[in-house]
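Okay, structure first, notes after.
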Amino acid sequence: AGGAVLIGAPFDDTGAEDAGIAYLFDAASGALLDTFENPAPAPGDQFGASVAAGGSLVAIGSWLDDTVAPNAGTVYVFRDQVFPPPPPTLTTTTTTTVSTTTTTTIATTTSTSVSGAVTTTTTLPPPVAACSTTCDDQDPCTTDTCDETGCRHTFEIGFPAVLCRLDSLDAVLHGLPRLALGGRRLAATLEFRVALARRLIASAETAAGRRASRRLVRAEQVLVRFATAIRHGMTRGKIARAAAGNVLALAADATQQLPAIRAAVR
């Protein structure tokens with residue numbers, strides 16, 4: 002949002018092993034603006050696996066949080082004033098001119114948690130004319146709609162969901178410096194595995210029965226090897242922790258949906 006970049010590190014060990022953390026950086030200078038720690042850290046929560054920001058709100062997903070039930074997940078919403086206020090707006094009519102300036106002040110960060118599995122989120126309704134832009138949650142794997150009740154963000158399911166996550170993972174890998182992925186050779190291997198998994202899943206979508214199931218099993222194995230290579234690279238200091246956390250979260254999001262798809266095509 003604005004000139005800030007929000008980055009999640011779901012495998013950070015602050016508070017507990019793999020409890021997770023998130024950081025807000027200035028996009029221009031790289032300076033650390035704020036740190037968002039897991040409010041209730043527990044081993045394996047992976048707080049920071051998904052992040053979003055808009056205005057003064059920061060939403061951070063802890064997808065394996067156990068607050069409600071084992072691995073049910075929680076979304077924490079923080080209010081933080083490090084984001085720049087919107088510029089002054091000028092409204093003119095035929096008889097009067099009104100100038101309105103919105104300002105913000107530094108305030109203590111607060112958080113709200115929303116627990117349990119969620120497939121659709123709803124926000125307050127924006128002006129109708131702004132629906133097309135205001136309701137875009139910047140997640141390519143959701144369908145964003147707007148009506149009189151507000152914005153709705155519905156997650157893709159089935160094959161489209163997995164393919165979308167793999168497309169996002171591929172984009173992240175190609176956007177990272179080769180050095181952050183352990184050098185050109187390892188980076189190329191990781192990109193190849195993601196591309197192979199995507200091809201297998203896409204071919205399974207057009208197949209049926211055992212053939213589709215076998216391709217999905219192979220795709221899952223490829224993604225497991227991908228995740229293993231990332232973890233080994235991170236442990237040996239070849240892959241940056243921040244980069245590893247983001248790509249592992251995307252890979253896990255795709256992998257965990259494959260068993261249900263495989264069961265449906267049998």
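Taking our numbering, the leading residue of the sequence shown gets 2, the next gets one more, and so forth. Using N, Cα and C, we set each Cβ at its ideal position, and we do this for glycine too.
When you compare only the Cα positions, how much space is there between residue 243 and residue 253? Straight-line spacing of the CA atoms in residue 243 and residue 253 works out to 16 Å.
Comparing C-alpha positions only, which one of 173, 23, 221 sits nearest to residue 255? Ranking 173, 23, 221 by Cα distance to residue 255 puts 221 first.
Hey, how far is the Cα of residue 163 from the Cα of residue 14? Answer to the nearest angstrom: the Cα atoms are 28 Å apart.
DSSP three-state assignment for residue 149, whether helix, strand or coil: Annotated three-state conformation of residue 149 is coil, per DSSP.
Any contact of the stretch 201-218 with the stretch 232-243, i.e. 3+ C-beta pairs under 8 Å? Fewer than three Cβ pairs drawn from the stretch 201-218 and the stretch 232-243 lie within less than 8 Å of each other, which leaves the two stretches out of contact.
Do you know offhand how far residue 260's Cα is from residue 80's? Each residue's alpha carbon lies about 37 Å from the other.
When the Cα atoms are used, what is the spatial distance from residue 20 to residue 76? So the alpha carbons of these two residues sit roughly 14 Å apart.
Classify residue 18 as helix, strand or coil using the three-state DSSP reduction. In this structure, residue 18 counts as coil in the three-state DSSP scheme.
Measure the C-alpha to C-alpha separation of residue 202 and residue 267 and round it to an integer number of angstroms. Straight-line Cα distance between these residues: approximately 15 Å.
Taking the continuous beta strand (DSSP E) assigned at residue 51, which residues delimit it? Annotation: the continuous beta strand (DSSP E) that includes residue 51 extends over 48-55.
Give me, in chain order, the residues of the same chain whose beta-carbon lies closer than 6 Å to that of residue 179; leave out the 5 immediate sequence neighbours on both sides. Here the set comprises 185, 188.
Pick from 167, 158, 173, 35 that is closest to residue 245, judged by C-alpha positions: Comparing Cα positions, the closest option is 173.
Could you check what DSSP says for residue 90 in three-state terms: helix, strand or coil? Residue placement at residue 90 is poorly supported in this model, since its pLDDT is 43, which falls under 50; the coordinates are not used for a value here.
Going by beta carbon distance, what residues of the same chain come within less than 7 Å of residue 27, once the five residues before and after it are set aside? The residues 4, 5, 34, in chain order, have a CB closer than 7 Å to that of residue 27 in the same chain once the five nearest residues on each side in sequence are set aside.
Reduced DSSP category for residue 171 - H, G, I as helix; E, B as strand; rest coil: It is helical.
I believe residue 223 touches residue 197 by the beta-carbon criterion, under 8 Å. Please report the beta-carbon distance rounded to the nearest angstrom. Between residue 197 and residue 223 the Cβ distance is about 5 Å, and since that is below 8 Å, they are a contact.
Tell me, to the nearest whole angstrom, how far the beta carbon of residue 17 is from that of residue 44; I am working on the premise that it is less than 8 Å. Yes, they are in contact, since the Cβ atoms of residue 17 and residue 44 sit about 5 Å apart, within 8 Å.
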